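Undergrad:
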Amino acid sequence: MEKLKTLFKSKADALAGEIKDIIKEHGTKKIGEVQLAQIYQGMRGITGMVYETSLLDAQDGIRFRGHAIADLQKKLPHADGGHEPLPEGIFYLMLTGELPTKADVAELSKDWAARAQNTPAHVFKAIDALPINTHPMTQYVVGVMALQTESIFAKKYAAGVNKKDYWSIMFDDSMNLIARLPVIAAYVYKRKYKGGGTVSVDPALDWSANFAKMIGYDKPGFTDLMRLYFTIHADHEGGNVSAHTTHLVGSALSDAYLSYAAGMNGLAGPLHGLANQEVIKWIFEMQKSLGSEQPTGEQIAAYVQKTLSEGKVVPGYGHAVLRKTDPRFTAQQEFAKKYMPNDPLVQTVWKIYETVPPILQSLGKIKNPWPNVDAHSGALLTHYGMKDYEYYTVLFGVSRALGVLAALCWSRALGFPLERPKSVTTENVKAWLKGVDTIWD
Ligand SMILES: CC(C)(COP(=O)(O)OP(=O)(O)OC[C@H]1O[C@@H](n2cnc3c(N)ncnc32)[C@H](O)[C@@H]1OP(=O)(O)O)[C@@H](O)C(=O)NCCC(=O)NCCS
Numbered sequence: 018m019e020k021l022k023t024l025f026k027s028k029a030d031a032l033a034g035e036i037k038d039i040i041k042e043h044g045t046k047k048i049g050e051v052q053l054a055q056i057y058q059g060m061r062g063i064t065g066m067v068y069e070t071s072l073l074d075a076q077d078g079i080r081f082r083g084h085a086i087a088d089l090q091k092k093l094p095h096a097d098g099g100h101e102p103l104p105e106g107i108f109y110l111m112l113t114g115e116l117p118t119k120a121d122v123a124e125l126s127k128d129w130a131a132r133a134q135n136t137p138a139h140v141f142k143a144i145d146a147l148p149i150n151t152h153p154m155t156q157y158v159v160g161v162m163a164l165q166t167e168s169i170f171a172k173k174y175a176a177g178v179n180k181k182d183y184w185s186i187m188f189d190d191s192m193n194l195i196a197r198l199p200v201i202a203a204y205v206y207k208r209k210y211k212g213g214g215t216v217s218v219d220p221a222l223d224w225s226a227n228f229a230k231m232i233g234y235d236k237p238g239f240t241d242l243m244r245l246y247f248t249i250h251a252d253h254e255g256g257n258v259s260a261h262t263t264h265l266v267g268s269a270l271s272d273a274y275l276s277y278a279a280g281m282n283g284l285a286g287p288l289h290g291l292a293n294q295e296v297i298k299w300i301f302e303m304q305k306s307l308g309s310e311q312p313t314g315e316q317i318a319a320y321v322q323k324t325l326s327e328g329k330v331v332p333g334y335g336h337a338v339l340r341k342t343d344p345r346f347t348a349q350q351e352f353a354k355k356y357m358p359n360d361p362l363v364q365t366v367w368k369i370y371e372t373v374p375p376i377l378q379s380l381g382k383i384k385n386p387w388p389n390v391d392a393h394s395g396a397l398l399t400h401y402g403m404k405d406y407e408y409y410t411v412l413f414g415v416s417r418a419l420g421v422l423a424a425l426c427w428s429r430a431l432g433f434p435l436e437r438p439k440s441v442t443t444e445n446v447k448a449w450l451k452g453v454d455t456i457w458d
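Note that my numbering numbers the sequence shown so that position 280 is 297, with each residue one more than the last.
1. List the endpoints of the continuous beta strand (DSSP E) containing Ser440.
2. Mapping the DSSP letters down to three states, classify Ala85 as helix, strand or coil.
3. Does Ser191 come out as helix, strand or coil in the three-state DSSP assignment?
4. Can you look up Pro102 in the DSSP assignment and give me helix, strand or coil?
5. Does the distance from the CB of Leu103 to the CB of Val338 come in under 7 Å?
6. Taking just the CA atoms, how far does Lys47 sit from Tyr406?
7. Quick check on the DSSP output: the beta strand (DSSP E) that includes Asp343 runs from which residue to which?
8. Quick test of your reading: Leu112 and Lys92, contact by CB under 8 Å. State the CB separation rounded to the nearest angstrom.
9. If you check the beta carbons only, do Gly333 and Asp391 fall under 7 Å apart?
10. Return the Cβ separation of Glu464 and Ser268 in integer angstroms, given the expectation that the two are a contact with Cβ distance under 8 Å.
11. Out of curiosity, what's the CA-to-CA distance linking Trp325 and Ser379?
12. On the CB-based measure, 16 or more other CB atoms within 10 Å of its CB, does Gln134 come out buried or exposed?
13. Using a Cβ-based criterion (distance less than 6 Å to any ligand heavy atom), does Ile383 qualify as near ligand 1?
14. Note down, in chain order, each residue of its chain lying with its Cβ closer than 8 Å to the Cβ of Ala278, except the 5 sequence neighbours on either side.
15. Given the structure, does Pro94 come close to ligand 1, in the sense that its CB is under 6 Å from one of the ligand's heavy atoms?
16. By a C-beta neighbour count over all protein chains shown, 10 Å radius and 16 as the cutoff for buried, is Arg61 buried or exposed?
17. Put His43 into one of helix, strand or coil per three-state DSSP.
18. Counting along the chain, where does the alpha helix (DSSP H) carrying Asp145 start and finish?
19. Spell out the partners DSSP gives Tyr334 in its beta bridges.
20. Taking Thr262 as the reference, which of Met281, Tyr274, Ile249, Pro137 has the closest Cα?
21. Compute every distance between the C-beta of Leu32 and the non-hydrogen atoms of ligand 2, then say whether any falls below 6 Å.
22. Taking its Cβ as the centre, do 16 or more other Cβ atoms sit within 10 Å of Gly212, making it buried, or is it exposed?
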């Protein structure tokens with residue numbers, strides 16, 4: 018992987034030079050202003066960090082280095098016989114800003130398969146020590162934390178390392194970690210749902226095909242779904258909980274394993290990545306409660322009202338930044354239209370899409386009534402037989418590694434400092450409102 022590493026370093030050096038000049042010339046310019054409501058309400062809309070790998074537009078959705086998902090489905094290399102982009106390609110793009118060739122991507126597949134060999138036995142033992150009913154995300158994070166023994170950065174930092182070399186070690190740690198995540202994820206799946214068993218990587222297969230094979234779902238349709246899934250979930254700019262947590266923890270010079278594991282604990286929250294399991298659980302419960310596999314629009318509307326009246330959110334709908342249907346939802350809908358248009362669960366997801374937005378809109382308080390990425394994924398997985406919905410967030414997590422670790426390589430290469438925003442107390446706020454001098458005036 019020396020070629021990719023050298024390319025990354027040349028891009029990073031060039032940008033570091035530009036950033037130095039930007040800060041020197043324009044460092045005192047103001048970007049927006051912060052309103053009191055924003056600091057009480059989750060810092061929405063406050064621009065507070067630089068994150069190079071992708072950018073989210075409220076109307077158009079995510080762009081990876083300027084490319085929309087629909088374009089990337091055509092522009093990124095596919096596997097021989099495959100119809101969806103290989104996620105190796107989106108990692109290459111996020112890391113370098115350049116679209117990879119088929120050969121670049123093939124090299125990455127081969128490299129990751131080689132790095133995934135011989136995952137230390139204690140990683141599996143750590144997972145095995147957990148009760149079987151432990152949530153798959155917890156098992157996954159425990160596996161990642163156990164793998165932290167392999168961090169090159171942790172060892173080199175303890176021995177003493179020049180800060181100029183941090184980026185190189187972060188690159189190596191990130192590549193090793195990404196390579197082994199499908200192994201940990203597959204082990205958790207087999208342990209929890211298939212009575213256990215060993216997992217091993219086939220050096221001839223790409224990252225997604227290896228994962229699909231390890232969990233025992235190696236039909237071409239599912240493998241292609243994994244390639245699409247791992248591509249579209251990879252990144253969503255820097256402010257979302259998993260990306261921001263990884264970035265924040267990484268800013269303390271925590272290594273790739275510690276930082277990514279922290280991000281995954283955020284992804285495991287129901288308002289973030291866990292929403293993908295919540296969606297399918299909510300649909301299954303609705304079907305059960307209505308006694309119908311394919312409820313009508315009226316029945317769905319009544320069930321939505323029931324959910325809202327119980328003080329719960331409708332999972333898979335709404336977003337902190339997006340104000341339109343998530344293009345990641347659309348990409349999955351297109352996949353379903355192509356391969357499973359008559360699947361009853363898929364049709365129910367589409368019926369929910371017709372029914373939910375006007376109801377949420379009518380409440381007048383929800384800023385985005387449209388579906389997000391999590392509203393569709395469970396129906397696709399269920400179509401191929403994967404109904405174990407508690408596992409779905411692990412799939413999201415495997416994919417998210419590509420974005421957050423590419424971003425961490427950039428943070429190290431650009432020498433980003435410790436992140437430390439200011440907080441205040443409501444006492445401060447009340448004093449400030451009365452015109453009393455406060456610490457931030
Ligand atoms: C994603 C989410 C957390 C964004 O939160 P947000 O930025 O605070 O969203 P809003 O500003 O639109 O929220 C305003 C109000 O609408 C509510 N709301 C937002 N989405 C809702 C939904 N899908 N169902 C019911 N209520 C919702 C909020 O809970 C909030 O209510 P409150 O004022 O009583 O506290 C929120 O839309 C949500 O909980 N969605 C469901 C979970 C989900 O799908 N998460 C995955 C996101 S990719």
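Note that the Cβ used here is the ideal one computed from N, Cα and C, for glycine as well. Please read these numbers as outputs of a predicted model, since none were measured by experiment.
TA: Once the coordinates are examined:
1. Premise fails: Ser440 is in no beta strand (DSSP E) and is neither H nor E.
2. strand
3. helix
4. strand
5. no
6. 45 Å
7. Note, Asp343: premise wrong, no beta strand (DSSP E); not H, not E.
8. Incorrect: roughly 16 Å between the Cβ atoms, too far for contact.
9. yes
10. This structure gives no information on residue 464, because the portion of the chain shown stretches from 18 to 458.
11. In the sequence on display, residue 325 carries Leu and not Trp. Taken atom to atom, the span from the alpha-carbon of Leu325 to that of Ser379 is near 12 Å.
12. exposed
13. At least one heavy atom of ligand 1 is nearer than 6 Å to the Cβ of Ile383, so yes.
14. Counting only Cβ-Cβ distances below 8 Å, and skipping sequence neighbours, we find Val158, Val161, Met162, Gln165.
15. Checking every heavy atom of ligand 1 against the Cβ of Pro94, none is found closer than 6 Å.
16. exposed
17. helix
18. 138–145
19. DSSP, once it has assigned bridges, lists Pro388 as partnering Tyr334.
20. Met281
21. Absence of ligand 2 from the depicted structure is noted, with ligand 1 being the only ligands included.
22. exposed
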